[in-house]
Amino acid sequence: MIQVVLPAHLRTLARVQSEVSIEVQGPVTIRSVLDALELRYPMLRGTIRDHVTLERRPFLRFFACQEDLSHDSPDAPLPEPVAAGQEPLMIIGAIAGG
Amino acid sequence: MSRVRVLVGTHKGAFLITSDGRRQNWEIDGPHFAGWEIYHLKGSPVDPNRIYASQTSGWFGQIIQRSSDGGKTWETPGGGPQTAPGGMPAPASNKFVYDTSAETGKPLTTHQWYDGTQHPWEFKRVWHIEPSLHDPDTAYAGVEDAALFRTTDGGTSWHELPGLRGHGTGPKWQPGAGGMCLHTIVLDPSNPKRIFIAISAAGAFRTDDGGTTWKPINKGLVSNYIPDPKGEVGHCVHHVAMSPNKPGVLYMQKHWDVMRSDNAGDEWREVSGNLPTDFGFVIDVHAHEPETIYVVPIKSDSEHFPLEGKLRVYRSRSGGDEWEPLTKGLPQSDCYVNVLRDAMAVDTLDSCGIYFGTTGGQVYASSDSGDSWMPIASNLPAVLSVEAQTLP
Chain A
1 MIQVVLPAHL RTLARVQSEV SIEVQGPVTI RSVLDALELR YPMLRGTIRD HVTLERRPFL
61 RFFACQEDLS HDSPDAPLPE PVAAGQEPLM IIGAIAGG
Chain B
1001 MSRVRVLVGT HKGAFLITSD GRRQNWEIDG PHFAGWEIYH LKGSPVDPNR IYASQTSGWF
1061 GQIIQRSSDG GKTWETPGGG PQTAPGGMPA PASNKFVYDT SAETGKPLTT HQWYDGTQHP
1121 WEFKRVWHIE PSLHDPDTAY AGVEDAALFR TTDGGTSWHE LPGLRGHGTG PKWQPGAGGM
1181 CLHTIVLDPS NPKRIFIAIS AAGAFRTDDG GTTWKPINKG LVSNYIPDPK GEVGHCVHHV
1241 AMSPNKPGVL YMQKHWDVMR SDNAGDEWRE VSGNLPTDFG FVIDVHAHEP ETIYVVPIKS
1301 DSEHFPLEGK LRVYRSRSGG DEWEPLTKGL PQSDCYVNVL RDAMAVDTLD SCGIYFGTTG
1361 GQVYASSDSG DSWMPIASNL PAVLSVEAQT LP
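Protein chains in written order, with the working numbering: chain A, 1 to 98; chain B, 1001 to 1392.
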């Protein structure tokens, strides 16, 4: 199971408490994790990536294993500890305004 | 005894403020959706427990929330967990995609940008939700960049009415300071196929066939800040109001000028009369007196606060031209708030209640048609919208 950490507002929206565990079929990439996340929690569609282009929303970033993966290809394999469920994929809201 | 529920959208959440029919003691419930901008929330006229809310965020985009119990609990329609992995995706209530199909839509055109160049249409948020007068599962959404969407399944899915954006004048539409928003939707109770909408800064439009085709209704508007002051489109209309008791009469607060139409928008005339300034955002009509209207004059073009620091509602009992200031209970010194375009509403009790909210977080109410006012909330986040429900 892949562990995903959501920003607080999206945890409220999805009605989950802490880390979300997601089962991913096939290669573990940003795209496959988000596909699985949105399948399990359809209310999150459009909140992390655009409905149409599927590009990351500009004020969100992806981190894992102390690395910024925001600008990596969505089809690039995620670090092995993430794929093994040992480290979470972190979806972080940019610190911007308020 | 009847009750009143005031729905308040703010910069940081939604609040429901309720009272019995005396409207002297109010209870505040909220914040709902804390931390999110709630541009608008409104209840269904045929099922007041059905409330729609537009929840938006610069980080996470657009969400539609729906309540079926008068705001006690909320859900994202169509947002529940799917049980069939690999199945077709469930509808997403927050999905607003412009119609570009060859059959019903047109290629996504461009509109005018602030500097006069052309700019592609980009969805940003829902400004206004107008529930149907007849069906609680049907509602209209006015969005930025300007377009009109409709749901017929309780907000689970939304589809554009592409005839408006495809009308042909789109390349001349331009954003106002708040963005290119479709902010006003008025449904005609005497004609279910007639809808009025308004866009900043394009103007007012009307459909007489349920939303398939639209025409601009801006004849008589004069806007000296655009290249053609009397143009077919390009006017910065701030809000339009209509009395359900007199559907052919429309009132408009334009960027400058308060206007009136007696023929469903075919022609307009200015009724600013003796107002101290004819700039403002809100305009509304008394629930029982179709010639009694309300505005809040605001100093502009850039200050956007009340003249002389005095918060005054102006009332006309003659459908415009002659106005009187209403000040009792409102701050008359050092008040520098704004009242935004969707932040005034009326109830339908015998003694009509008037409500408005400010960017300073106050919500004021009058239970006597504006003669006197009292704050029913004083320290909310900046108020973006106010709606009133009269409950049995």
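The C-beta atom is built at its ideal place from N, Cα and C for all residues, glycine as well.
For B/Asp-1135, which option in B/Asp-1334, B/Gly-1179, B/Glu-1387 and B/Ser-1044 has the closest C-alpha, if you only look at C-alpha atoms?
Of the listed residues, the one whose Cα sits closest to B/Asp-1135 is B/Ser-1044.
Please report how far the alpha carbon of A/Leu-6 lies from the alpha carbon of B/Ser-1132, in whole angstroms.
Looking at the two C-alpha atoms, the distance is approximately 36 Å.
Which residues mark the beginning and the end of the beta strand (DSSP E) in which B/Ser-1200 is found?
Element bounds for B/Ser-1200: 1195 to 1200.
How long is the line joining the alpha carbons of B/Phe-965 and B/Val-1006, rounded to whole angstroms?
This structure does not reach residue 965 of chain B, given that chain B is present from 1001 up to 1392, and the question cannot be answered.
With a threshold of 9 Å between beta-carbons, can A/Phe-59 be considered close to chain B, or not?
With 9 Å as the cut-off, A/Phe-59 counts as an interface residue toward chain B.
How would you list, in chain order, the residues of chain B whose beta-carbon sits under 7 Å from the beta-carbon of A/Gly-93?
Correct list: Trp-1059.
Output needed in chain order: residues of the stretch 1254 to 1274 of chain B with a Cβ under 8 Å from some Cβ in chain C.
You won't find chain C in this structure, because its protein chains are A and B.
In its own chain, which residues sit with a C-beta less than 6 Å from the C-beta of B/Tyr-1251, not counting the 5 before and 5 after it?
So the qualifying residues of the chain are Ala-1241, Arg-1260, Ile-1283 and Ile-1293.
Of all Cβ atoms in chain B, is any one closer than 9 Å to the Cβ of A/Arg-31?
No, its Cβ sits nowhere closer than 9 Å to a Cβ of chain B.
Is the distance from the Cβ of B/Val-1295 to the Cβ of B/Trp-1323 below 9 Å?
Yes, they are a contact pair.
Does DSSP classify B/Gly-1220 as helix, strand or coil?
Three-state DSSP puts B/Gly-1220 in coil, outside helix and strand.
Which residue's Cα is closest to the Cα of B/Gly-1353: B/Ala-1365, B/Glu-1037 and B/Gly-1361?
It is B/Ala-1365 whose Cα lies nearest to the Cα of B/Gly-1353.
Output needed for B/Arg-1315: all residues of its chain with C-beta closer than 6 Å, excluding positions within five of it in sequence on either side, in chain order.
So the qualifying residues of the chain are Tyr-1294, Glu-1324, Leu-1326 and Gly-1370.
List the residues of chain B whose Cβ lies closer than 7 Å to the Cβ of A/Met-90, in chain order.
The contacting residues do not exist; A/Met-90 stays about 15 Å from chain B at best.
Measuring alpha carbon to alpha carbon, tell me which residue in B/Val-1233, B/Gln-1253 and B/Ile-1063 is nearest A/His-51.
Nearest of B/Val-1233, B/Gln-1253 and B/Ile-1063 to A/His-51, Cα basis: B/Ile-1063.
Whole angstroms is fine: what's the gap from B/Ala-1202's alpha carbon to B/Glu-1289's?
Rounded to whole angstroms, B/Ala-1202 to B/Glu-1289 spans 30 Å at the Cα level.
What residue range is occupied by the uninterrupted alpha helix (DSSP H) comprising A/His-9?
Residues 8 to 14.
Grouping DSSP H, G and I as helix and E and B as strand, with all else coil, what is A/Ser-18?
If DSSP states are grouped into helix, strand and coil, A/Ser-18 belongs with coil.
The stretch 1140 to 1156 of chain B: which residues have C-beta closer than 7 Å to a C-beta of chain A, in chain order?
Per Cβ criterion, the list is empty.
Which class does B/Leu-1330 belong to by DSSP, given the choice of helix, strand or coil?
In this structure, B/Leu-1330 counts as coil in the three-state DSSP scheme.
Just mark A/Ile-95 as buried or exposed, buried being the case when its beta carbon has 16 or more other beta carbons within 10 Å.
Exposed, since its Cβ has fewer than 16 Cβ neighbours within 10 Å.
Does B/Phe-1096 get closer than 9 Å to chain A when you measure Cβ to Cβ?
So, interface residue.
Specify the secondary structure class of B/Ala-1084 as computed by DSSP and reduced to three states.
Per-residue confidence for B/Ala-1084 stands at a pLDDT of 41, beneath the threshold of 50, marking its modelled position as unreliable; the derived number appears in the next sentence. Three-state DSSP puts B/Ala-1084 in coil, outside helix and strand.
Taking Cβ-Cβ distances below 8 Å as the criterion, which residues of the stretch 1060 to 1077 of chain B are in contact with chain A?
So the close ones are Phe-1060, Gly-1061, Gln-1062, Ile-1063 and Thr-1076.
Out of B/Asp-1347, B/Met-1374 and B/Asp-1368, state which residue places its alpha-carbon closest to the alpha-carbon of B/Val-1386.
Among B/Asp-1347, B/Met-1374 and B/Asp-1368, the Cα nearest to that of B/Val-1386 belongs to B/Asp-1347.
Please list, in chain order, the residues of the stretch 35 to 48 of chain A that have any C-beta partner in chain B closer than 7 Å.
The stretch 35 to 48 of chain A vs chain B, Cβ under 7 Å: Leu-39, Arg-40, Tyr-41, Pro-42, Met-43, Arg-45, Gly-46 and Thr-47.
Considering A/Glu-80, what are the terminal residues of the alpha helix (DSSP H) in which it resides?
Where A/Glu-80 is concerned, the enclosing alpha helix (DSSP H) stretches over 80 to 83.
Quick one: residues in its chain with C-beta nearer than 7 Å to the C-beta of B/Pro-1392, no 5 flanking neighbours on either side, listed in chain order?
Counting only Cβ-Cβ distances below 7 Å, and skipping sequence neighbours, we find Ser-1002.
Going along chain A in order, which residues have a C-beta closer than 7 Å to the C-beta of B/Gly-1035?
Correct list: His-9.
Hey, how far is the Cα of B/Trp-1127 from the Cα of A/Glu-80?
Near 44 Å, if we compare the C-alpha coordinates of A/Glu-80 and B/Trp-1127.
At what residue ranges does the stretch 1265 to 1325 of chain B contain a whole run of the beta strand (DSSP E), taking only runs of 3 or more?
Complete beta strand (DSSP E) runs here, min 3: 1280 to 1285, 1293 to 1297 and 1313 to 1316.
Roughly how far, in whole angstroms, is the beta-carbon of B/Ser-1223 from the beta-carbon of B/Gly-1234, given that I think they are within contact range, below 8 Å?
Indeed, because the Cβ distance is near 7 Å, the residues count as touching under 8 Å.
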